[in-house]
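**Q** My questions will all concern the structure given below.
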Amino acid sequence: MTDKGSNNRNTFTGSIGFVLAAAGSAVGLGNIWRFPYLAARDGGGLFLVIYLILLLTFGSTLVITEISIGRKTRQSPLTAYAQLSRKWKPIGLFSCIVPMLILPYYCVIGGWVLKYFLVFVSGGGSTTASDGYFSSFISGVSSPIVMALIYLALTIFVVISGVQKGIENFSKIIMPLLIVLIIVIVGFSLNISYTDEAGNVRTGMQGLKVLLVPDLSNVTLTSLLTTAMDAMGQLFYSLSVAMGILIAYGSYMPDNVSIRRSVSQIEVFDTGIAFLAGMMIIPAVYVFMGREGMEASGPGLMFISLPMVFNRMGTVGYIIGCLFFALVLFAALTSSVSILEAIVSSFMDRFAIDRKKATVIEGIIAAALEILVCLGYNVLYFEYTLPNGATAQILDIMDYISNNLLMPLISIFTCILIGWVLKPAVVIDEVTKNGEKFRGRGLYTVMLKFIAPLLLMILLLKAVNIL
Ligand code: PFF
1 MTDKGSNNRN
11 TFTGSIGFVL
21 AAAGSAVGLG
31 NIWRFPYLAA
41 RDGGGLFLVI
51 YLILLLTFGS
61 TLVITEISIG
71 RKTRQSPLTA
81 YAQLSRKWKP
91 IGLFSCIVPM
101 LILPYYCVIG
111 GWVLKYFLVF
121 VSGGGSTTAS
131 DGYFSSFISG
141 VSSPIVMALI
151 YLALTIFVVI
161 SGVQKGIENF
171 SKIIMPLLIV
181 LIIVIVGFSL
191 NISYTDEAGN
201 VRTGMQGLKV
211 LLVPDLSNVT
221 LTSLLTTAMD
231 AMGQLFYSLS
241 VAMGILIAYG
251 SYMPDNVSIR
261 RSVSQIEVFD
271 TGIAFLAGMM
281 IIPAVYVFMG
291 REGMEASGPG
301 LMFISLPMVF
311 NRMGTVGYII
321 GCLFFALVLF
331 AALTSSVSIL
341 EAIVSSFMDR
351 FAIDRKKATV
361 IEGIIAAALE
371 ILVCLGYNVL
381 YFEYTLPNGA
391 TAQILDIMDY
401 ISNNLLMPLI
411 SIFTCILIGW
421 VLKPAVVIDE
431 VTKNGEKFRG
441 RGLYTVMLKF
451 IAPLLLMILL
461 LKAVNIL
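In structure tokens form, the structure reads like this:
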């Protein structure tokens, strides 16, 4: 089968290939550096329960819809919407702009992970725990750029090899490895203990309680709403919706594969890994840094707090550090591969060019933007305050525009298009066309038409600080 243009589409070989690739996309930095932090901060088990309820209702609705759009149209995100309805073509354009904005900065962060992995593997892990290591690394000009370019080259290598030979085979190797790595680190994390200067003994099991036991002591209506908003924002990002990815991957899904079952498996994978990441990180941070250590998330957690934790573990910390950064690298790579594929499939379908050409063109655009993002920490440094109050550099601005503004908008319009203009039957027919039952179709319809757009609107208004 040739791999060019829209009709002679390559497909995944079957259900396992599709699910592992989509789960690989979903499992990314968000699972590791944000989910554990939110869960510990927002009342442990309470956050988990709210997250699960939202996952099975709101999350499933959006994922089923995007995969069905892809499989029904057999088109890329850029071209699928126009095929559904000519007037709705601009949503396709935005579904291609979003991954083009995300890829460069995701690769810059991927480059940071690669750097830490290499430092740990070459035995220099303790240096990463020294004061100011991370900020001096990112404010250096050449090293972050070189790392980001190598990371991008790895991503390109997988995508250029094609849907089956590249993405599917890569996911089939990396995802099982990722599970093994995370289980090994969780086992270690739960069995550690540490006596601090004041003589207090803290154990991994106590840390686990922070993650699992619902903290109902300070629950108010406002705190419940905050928890629900946090869970929803996290879920939205974690499932890789509104990034064009699920439409692209859906367009490669064989007709005989069950959409409903695949979506459940992707959700189990994504949430399972996020939960295991919590069991890996929260006990370790709690043991070595106490409750204050848990206040960090994002890059601060991954590149500053955790290296300190590994350092306090002594020699074994360097081994755990190597395993940890290998794990993060794998999780990030399967996500950046998916986001590049969303763009490459768009270029292939829109301009009728082959995979190699499309990948090289986007590779050049992404490399240029990556350099710009890296220079944002030194030569082009400036501080800007975002509407949500956060101080931002170029990376944060790109992240804010894509995640907080464009992604909720794309999803709102997708719900309106399918729920009201074309009617949910479009998706229901696609799901059931191979004889499969669509359990919960009533709930799906209500979610798609009313509740999901409303929740997305709240997410959007919160992002622009109106709520
Ligand atoms: N679910 C992914 C994550 O948690 O990192 C979201 C994602 C981000 C997917 C960036 C792909 C990507 F390039």
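Residue 453 in this note's numbering sits at position 453 of the sequence shown; the count goes up by one each step and never skips. Here a beta-carbon is modelled for each residue, glycine too, at the ideal position from N, C-alpha and C.
Just mark Q75 as buried or exposed, buried being the case when its beta carbon has 16 or more other beta carbons within 10 Å.
**A** Counting Cβ neighbours within 10 Å, Q75 comes out buried, since at least 16 surround it.
**Q** Could you tell me the distance, in whole angstroms, from the CA atom of G250 to the CA atom of G70?
**A** Rounded to the nearest angstrom, the two C-alpha atoms are 4 Å apart.
**Q** Mapping DSSP to helix, strand and coil, what is R71?
**A** Three-state DSSP puts R71 in a helix.
**Q** If we count the other Cβ atoms within 10 Å of its Cβ and call it buried at 16 or more, is N10 buried or exposed?
**A** The residue in question, N10, is buried, as its Cβ has 16 or more Cβ neighbours within 10 Å.
**Q** Can you tell me the Cα-Cα spacing of L340 and A284, whole angstroms?
**A** Distance between the alpha carbons of L340 and A284: 34 Å.
**Q** Taking 8 Å as the cut-off, does the region 80 to 87 touch the region 400 to 408 (at least 3 CB pairs, one atom from each stretch)?
**A** The region 400 to 408, when compared against the region 80 to 87, does not touch it at the 8 Å Cβ threshold.
**Q** Straight-line CA distance for L448 to L225?
**A** Distance between the alpha carbons of L448 and L225: 21 Å.
**Q** Confirm the yes/no value for this check: CB of S25, any heavy atom of the ligand PFF, distance under 7 Å.
**A** The answer is yes for S25.
**Q** Please name the residue, chosen from L380, A358, R261 and T195, that lies closest to V141 on a Cα-to-Cα basis.
**A** Closest by alpha carbon: L380.
**Q** Tell me Y377's beta-bridge partners as DSSP assigns them.
**A** Paired residues: none, contrary to the question.
**Q** Measuring straight from C-alpha to C-alpha, what distance separates F12 and I245?
**A** So the alpha carbons of these two residues sit roughly 14 Å apart.
**Q** Evaluate P176 with the Cβ neighbour count: other Cβ atoms within 10 Å of its Cβ, from every protein chain shown; 16 or more gives buried, anything less gives exposed.
**A** P176 should be labelled exposed.
**Q** Alpha carbon to alpha carbon, what distance is there between R41 and P214?
**A** For P214 and R41, the distance between alpha carbons rounds to 11 Å.
**Q** In this structure, does DSSP put D215 in helix, strand or coil?
**A** The answer is coil: DSSP assigns D215 none of H, G, I, E or B.
**Q** Measure from the C-beta of T195 to each C-beta in chain C and report whether the shortest distance is under 8 Å.
**A** Any reference to chain C falls outside this structure, which holds one protein chain only.
**Q** Under 8 Å, do K356 and I50 count as touching if we go by C-beta distance?
**A** Cβ distance not < 8 Å, so K356 and I50 don't count as in contact.
**Q** Using the DSSP secondary-structure output, state which residues sit across from T385 in a beta bridge.
**A** In DSSP, T385 forms a bridge with T391.
**Q** Give the secondary structure of T11 by DSSP, where H, G and I count as helix, E and B as strand, and everything else as coil.
**A** T11 falls in the coil class under three-state DSSP.
**Q** For S335, count neighbouring C-beta atoms within 10 Å of its own C-beta (all shown protein chains included) and say buried if the count is 16 or more, exposed if not.
**A** Looking at its Cβ environment, which holds 16 or more other Cβ atoms inside 10 Å, S335 is buried.
**Q** Contact defined as beta carbons within less than 8 Å: I believe V27 pairs with A331. What is the distance between those atoms, to the nearest angstrom?
**A** Yes, V27 and A331 are in contact; Cβ-Cβ is about 5 Å, under 8 Å.
**Q** Among residues of its own chain, excluding the 5 on either side of L152, which ones have a beta-carbon nearer than 7 Å to its beta-carbon?
**A** Taken in chain order, the residues that qualify are C107, G363, A366, A367 and E370.
**Q** Quick one: is the Cβ of L103 within less than 7 Å of any heavy atom of the ligand PFF?
**A** Yes.
**Q** Within 8 Å, do at least three Cβ pairs link the region 199 to 217 to the region 344 to 354?
**A** No, the region 344 to 354 does not touch the region 199 to 217.
**Q** Less than 7 Å between the CB of L29 and some heavy atom of the ligand ADP, yes or no?
**A** The ligand ADP is not part of this structure, which contains only the ligand PFF.
**Q** Taking only the alpha-carbon atoms, compute the straight-line gap between W420 and T222 and give it to the nearest angstrom.
**A** About 32 Å.
**Q** How far does the beta strand (DSSP E) with S335 in it reach, from first residue to last?
**A** Premise fails: S335 lies in the alpha helix (DSSP H), T315 to F351, not in any beta strand (DSSP E).
**Q** With a threshold of 7 Å on Cβ separation, who are the neighbours of K462 within its own chain once the five nearest residues in sequence on each side are excluded?
**A** So the qualifying residues of the chain are M229.
**Q** Thinking just about the alpha-carbon of each residue, which of T203, L276 and S240 is nearest to the one in I266?
**A** The shortest C-alpha separation from I266 is found at S240.
**Q** At the level of alpha carbons, what is the spacing between P254 and L54?
**A** If you take the alpha carbons of P254 and L54, they lie about 28 Å apart.
**Q** Go through the region 210 to 298 residue by residue and report every complete run of the alpha helix (DSSP H) that reaches 4 residues or more, in order.
**A** DSSP runs (the alpha helix (DSSP H)) wholly in the region 210 to 298: 221 to 238, 245 to 250 and 259 to 289.
**Q** Give a yes or no on whether the C-beta atoms belonging to T73 and G92 are separated by under 8 Å.
**A** No, the pair does not count as a contact, with Cβ atoms beyond the cut-off.
**Q** Suppose the cutoff is 7 Å on Cβ atoms and the five residues either side in sequence are ignored; what does the same chain contact list for V113 look like?
**A** Excluding sequence neighbours, V113 sits near F325, V328, L329 and A332.
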